[in-house]
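Line by line, the protein sequences give chains X and U.
In short: position in the first sequence from 1, add 737, done, that's the working numbering.
In short: position in the second sequence from 1, add 737, done, that's the working numbering.
There are 2 protein chains.
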Amino acid sequence: MSAAEREMLAVLAEHGFRATRPRRAIVQALCEADAPLTLSALHRAARARYPKTGLATLYRTLEVLERCGLVHRIQLNGESYLMACADQSLHYHLVCVKCHKVVEVHAPQAEEWLGALARQHGFTMSAAPIEVRGVCAACRT
Amino acid sequence: MSAAEREMLAVLAEHGFRATRPRRAIVQALCEADAPLTLSALHRAARARYPKTGLATLYRTLEVLERCGLVHRIQLNGESYLMACADQSLHYHLVCVKCHKVVEVHAPQAEEWLGALARQHGFTMSAAPIEVRGVCAACRT
DNA sequence: GTACGTGCAAATATTTTGCAGGACC
DNA sequence: GGTCCTGCAAAATATTTGCACGTAC
């Protein structure tokens, strides 16, 4: 079990949710994916770990995970994808619109800039990842 | 007709799409909204301008507008919203998660920072708005 | 005039719900 | 042992499609 996985289950527990088999299958599938997953890809991946995982449970689990800030929906070329991110601090996700891979970036200085910018407009940024779309090195060629 | 509206119709024309009545109603509804709209709110708003606007046409028009980069889907507290933005340059959208209002911000310096950050990771940012979630001054009280 | 778009209704697909039984703490 | 969760199937929603008819260019 990866650290990310352990972390997510811990946060779930803190919020009073149980670590059931389908939930662990879904969390594991999300953590082991190397890019965001569509709903049906996630269902397939969860079933590979716990075959009885039902679609209704997947929806219900995603709602819980999103509520806890552990799962994020991102829009890529018109499709909706799901990705896990237990990190509740402000940071960036560089998302490649071609291969869909995501690089998680912490850049305190950039965050300060953005924070200052927001403050100028009376905004208080929330501690959620900021999605930045682009093309990665491998896909640019 | 607002400048944004005119701009969107011009871009549509450039892409070879016709400015039909339902499309103009949808574009106008999007441009006049002071916050992103849900699909059904947009349908209602479009119908207020051209009552015969059908739901299928709304879906088809949104696909066209998104393809042309004129409409963006944003996720807010689990709901999906649509907003118009004809500006194809890199900039930020400060989105209030309470009242849903959006402030469009151009900040060359912040963009340079972010660009440099992305380059360090081999990324080339695409010229799309970057959504930053937070709480606006009015809603913070 | 002729594509391109449309509204409508039917066909699909997606998401939610109710409930009897199972599994986590 | 008592809830909280689950799978299943049915219900409710949301989205797409086919087609005969309009209308923008």
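Where a beta carbon is used, it is the ideal one built from N, C-alpha and C, also for glycine.
Since this is a predicted model, take the numbers as computed values, not measurements.
Cross-strand partners of residue i (DSSP beta bridge)
i, result
"ARG810/U", "LEU819/U"
"ARG870/U", "VAL832/U"
"GLU800/X", "The partner list for GLU800/X (beta bridge, DSSP) is empty, contrary to what the question assumes."
"VAL840/U", "LEU831/U"
"LEU774/U", "LEU819/U"
"MET862/X", "GLY871/U"
Classification of residue i by the beta-carbon crowding that lies within 10 angstroms, buried from 16 upward
i, result
"GLU868/X", "buried"
"GLN846/X", "exposed"
"ARG797/X", "exposed"
"GLN857/X", "exposed"
"THR757/X", "exposed"
"MET738/U", "exposed"
"HIS752/U", "exposed"
"GLU848/U", "buried"
Own chain, CB closer than 8 Å to residue i, minus 5 neighbours either side, in chain order
i, result
"LYS835/X", "VAL872, CYS873 and CYS876"
"ALA864/X", "GLN825, SER826 and LEU827"
"VAL808/U", "LEU767, LEU799, LEU802, LEU819, MET820, ALA821 and CYS822"
"MET862/U", "LEU827, LEU851, GLY852 and ALA855"
"SER817/U", "THR775, LEU776, ARG810 and ILE811"
"HIS780/X", "THR790, LEU792 and LEU795"
"ASN814/U", "VAL834"
Under 7 Å from the C-beta of residue i: neighbouring residues of chain X
i, result
"ALA844/U", "LEU854"
"ILE867/U", "ILE867 and VAL869"
"HIS858/U", "LEU831, VAL840 and VAL842"
Chain-ordered chain U contacts of residue i [CB-CB under 7 Å]
i, result
"THR861/X", "GLY871, VAL872 and ARG877"
"ALA770/X", "None at all; the shortest Cβ gap to chain U is about 19 Å."
"VAL834/X", "SER863"
Other residues of its chain near residue i: CB distance less than 7 Å, five sequence neighbours each side excluded
i, result
"ALA762/X", "ALA783, ARG786, TYR787 and THR790"
"GLN765/U", "GLU742 and ARG786"
"CYS833/X", "GLY871, VAL872, CYS873 and CYS876"
"PHE754/X", "VAL801"
"GLY859/U", "none"
"ALA740/X", "none"
Contact set for residue i: own chain, Cβ-Cβ below 6 Å, skip 5 residues either direction
i, result
"HIS843/X", "HIS828"
"ALA772/U", "HIS837 and LYS838"
"ARG760/X", "THR798"
"CYS805/X", "VAL748 and HIS752"
"VAL840/X", "LEU831"
"PRO866/U", "CYS822, HIS828 and HIS830"
"MET745/X", "VAL764, LEU807 and ALA823"
"ALA770/U", "none"
Neighbour list for residue i in chain X, Cβ cutoff strictly below 9 Å
i, result
"LEU749/U", "The premise fails here: LEU749/U is roughly 17 Å from chain X at the closest Cβ pair, so nothing lies under 9 Å."
Residue i: contacting residues in chain U (beta-carbon distance under 9 Å)
i, result
"LEU819/X", "Under the 9 Å cutoff, chain U gives no residues; its nearest Cβ is about 11 Å from LEU819/X."
Proximal residues of chain X, C-beta to C-beta of residue i below 8 Å
i, result
"ALA847/U", "ALA847, TRP850, LEU851 and LEU854"
Residues, ordered as in the chain, of the segment 800-814 of chain U that lie near chain X by beta-carbon distance below 7 Å: GLU803, ARG810 and GLN812
Using a Cβ-Cβ cutoff of 9 Å, what residues of the segment 781-799 of chain U are near chain X? List them in chain order. none
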